[in-house]
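Residue 235 in the UniProt record's numbering sits at position 235 of the sequence shown, with consecutive numbering throughout.
All C-beta atoms in this analysis are idealised placements derived from N, C-alpha and C, irrespective of residue type, glycine included.
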Amino acid sequence: MTTFPLTGYRPSTPVADLLRQVATQPDKPLLLWEDGQWSYAQFADYARRCAAHLRRGGIEPGQRVAIIARNSAWRQAWQYGAWWIGAVEVSVNYDLNGELLRNVLADAEPAVIVLDEEFRDTVSAAFPGHPTLLETTGVPGRSDEVCPQELDELAGTPRPGDLASLIYTSGTTGPSKGVMLPAGYPSGHGYSIRHVLDLRPDDVGYFVLPFFHADFHVVMAAVVQSGSAVAFRHKFTASGFWDEVRRYGATWCWVVGFVLSAVMAQGIEVARGHTMRRFLGAPIPEGAYEFFEDRLGVTILTMYGQTEADGPTFDTFERRRRGAAGWPSVGFEVQIHDDDGVALPPGEPGELVYRPRYPHMTMLGYWNRPDATVAAWRDLWVRSGDQARMDEDGFLYFMGRMTDSIRRRGENVSAYEVETILRRHPGIAECGIVGVHDEFSGEQEIKAFVVPEDEDRFDVDDFVRYCREHLPRYAVPRFLELTAMENIVRSAGTGVVQKHRLLSLREEQRRAVYTIDVSPEQDRLSDGSVPECAKAEGPPTRGAAT
């Protein structure tokens, strides 16, 4: 297996990477899904058609093209089509609705919104009056309706350092921030992942997470650069995981904690005859190494990453340690700093900071947020907002978020945004949102501490309906605890709820605790199974909301 250098790397862009492969292996499969596949040449042709359609609509380089769509080949064609002409694609989480969706679209100011038909009403309600909504499906005309020479020239126009993507990540003391990614970001991180996984032309990846994350921007670049293929699902299903691995001959998969946990719950027998050789992702839940590596022979490689930089640390085949989150790649310097920005010795916990050794490997900044950009790049290090430590051998150990954010089912949930929406409920006087550990996924579940206006008249079922109407699926709290106003204490400087006070309430300070049944409409896996969730701390529940 290869080691992990960026030796020989030259900055590139996803469209340039694609066209190089089309020139050498046009008919080789690139994208595989349940009822179809596209070759490299087909994908490039459809991306070119999308580019032509956008140009006919007057889209200029630098203008934003928002995409709100489930995983599909057409979704990717529109993304690459936007990049083709130098536009900025805005990958929007399709679970957003109401105020959270409106905030994102108002901030990004897209010239056009490309969407699946199922999201048209949601977008129209949240952001009424947008003049241009395009559906993702169908062939948007022929690419030769725009001057071929113009398209060819535009394909080479975006430079690796040009703004190419906006991806919104959870805010901590304000609305979600748009992370500005350069055109060279997918190609640079794709190059790293290609070497970490030792991708060859005969490899087939399997991707089950949403495409709107930075992860798939990077994964597809790695696939294209290696001349291999990737299969995907519109939505993850645990019961069909091994069947699809065998069907596609998949050799690797990008994972997060809940995916590994759900697949483990299916048992060993269903994995017989699998072709999988390695997983890459984080976090790694308890028991995963024993199940996948020791019993199934699948190597688990883990990493640390965030939208601002997708992989400052990785495992490699030759150098890895169970329980760690990899070690610094040669593309990054990584340190642990104290509150004053001083590097800490091995073993001491502090804030994880990093900076690139190569160009275009980190964000350009936060869209419309120069203050947040300056704060994130303090002392010429990217401040991750995560607590970690490093051992004497350079392995990184992730310890949790330092910011007011919760990691749930692969999504970062802003406690600030959830609290802001819950406080608008007419029956809620105050609230605080915290994360509680979920043993199933190794991530977190959401717990809401709520101060009712009138506890005797507080309707829990109405609270659940309100959450489902105003919050994305993944942000609906799993647990609800009613509490007193004196228990919700906010920091004087930031206004952030002091979460440690809520998690350390004494027994006599606690009131009713509810477990919210989110499984029927919210968190049931697509195969119908319901994972076990974390248990709420405190006294026995007074009831269960459905």
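When the options are compared against residue i, the one with the closest alpha-carbon
i           : options                        : result
Leu18       : Leu482, Phe207, Gly227         : Gly227
Gly432      : Ile446, Glu439, Pro426         : Ile446
Val218      : Asp203, Thr237, Val92, Gly311  : Gly311
Leu471      : Arg424, Glu439, Ala69, Lys499  : Arg424
Tyr474      : Glu417, His189, Arg490         : Glu417
Arg468      : Arg378, Phe211, Leu96, Tyr46   : Leu96
Ala106      : Val114, Ala66, Ile85           : Ala66
Leu260      : Pro29, Arg409, Asn71           : Arg409
Glu486      : Ile516, Val460, Val450         : Val450
Arg247      : Phe216, Asp215, Gly205, Ile268 : Gly205
Leu134      : Ala51, Gly86, Leu166           : Ala51
Asn412      : Arg321, Pro175, Tyr80, Phe43   : Pro175
Met361      : Arg369, Val513, Gly331, Met390 : Gly331
residue 596 : Trp254, Gly8, Ile488, Leu163   : The structure shown has nothing for residue 596, since the chain only spans 1 to 546.
Pro14       : Gln42, Phe458, Thr307, Gln79   : Gln79
Gly365      : Asp391, Val513, Gly161         : Gly161
Val513      : Lys499, Arg490, Pro477, Gly86  : Pro477
Leu197      : Pro346, Met276, Arg490         : Met276
Ala16       : Glu269, Gly435, Ala231, Ala221 : Ala221
Separation of residue j from residue i, as counted between CA atoms
i      : j      : result
Glu99  : Arg319 : 45 Å
Val245 : Gly36  : 16 Å
Phe479 : Val123 : 29 Å
Gly57  : Ser405 : 39 Å
Val179 : Ser504 : 34 Å
Arg10  : Leu502 : 50 Å
Pro110 : Arg401 : 31 Å
Asn103 : Ala125 : 13 Å
Ala47  : Ser170 : 30 Å
Gly129 : His53  : 21 Å
Val112 : Ala77  : 15 Å
Ala372 : Met363 : 12 Å
Ala262 : Phe236 : 10 Å
Val374 : Thr420 : 25 Å
Phe395 : Gly323 : 10 Å
Coarse secondary structure for residue i, derived from DSSP in three states
i      : result
Trp367 : coil
Phe43  : helix
Gln79  : helix
Phe241 : helix
Phe212 : coil
Ser226 : helix
Val326 : Before going on, a small fix: residue 326 reads as Gly here, not Val. Looking at Gly326 - three-state DSSP - the assignment turns out to be coil, as it is neither helix nor strand.
Ala448 : strand
Pro14  : helix
Pro285 : coil
Thr299 : strand
Asp121 : helix
Asp95  : coil
His500 : helix
Asp198 : coil
Pro426 : coil
Asp459 : coil
Asn103 : helix
Thr169 : strand
Gly188 : helix
Leu344 : coil
Ala126 : helix
Gln21  : helix
Glu269 : helix
Sequence-distant residues of the same chain with beta carbon closer than 7 Å to residue i, five excluded per side
i      : result
Glu455 : Leu482
Gln21  : Tyr40, Val224, Gly227
Ile300 : Phe279, Ile284, Ala288, Tyr289, Phe292, Glu293
Asp338 : Leu344, Gly350
Asp523 : A caution first: Asp523 carries a pLDDT of 39, below 50, which makes its placement in the model unreliable, though a value can still be read off. So the list is empty, once near-sequence residues are dropped.
6 Å Cβ shell around residue i - same chain, five flanking residues per side excluded
i      : result
Trp74  : Thr136, Thr137
Tyr466 : His425
Gln335 : Ala343, Val353
Asp315 : Leu301, Thr302, Gly326
Gly305 : Gly311
Ser12  : Ser187
Trp252 : Leu197, Gly205, Arg278
Sequence-distant residues of its chain with Cβ nearer than 8 Å to residue i (five each side left out)
i      : result
Ala282 : Val256, Gly257, Thr302, Met303, Tyr304, Gly305, Ala325, Phe398
Glu453 : Pro426, Gly427, Ile428, Ala429
Tyr94  : Ile68, Ala69, Arg70, Asp116, Phe119, Pro210, Phe212
Gln266 : Ala238, Ser239, Phe241, Trp242
Leu166 : Arg64, Val88, Glu89, Val90, Ser91, Ala108, Gly178, Val179, Met180, Leu181, Trp367
Any C-beta of chain B under 9 Å from that of residue i
i      : result
Leu502 : Absent from the structure is chain B; it holds one protein chain and no more.
Any non-hydrogen atom of the ligand FMN closer than 8 Å to residue i Cβ
i      : result
Pro128 : As far as ligands go, the structure on display features none, and thus does not contain the ligand FMN.
### Query
Should the region 375 to 394 be regarded as contacting the region 27 to 36, the criterion being three or more beta carbon pairs within less than 8 Å?
Using a Cβ-Cβ distance cut-off of 8 Å, the region 375 to 394 and the region 27 to 36 are not in contact, since fewer than three pairs of beta carbons, one from each stretch, lie closer than that value.
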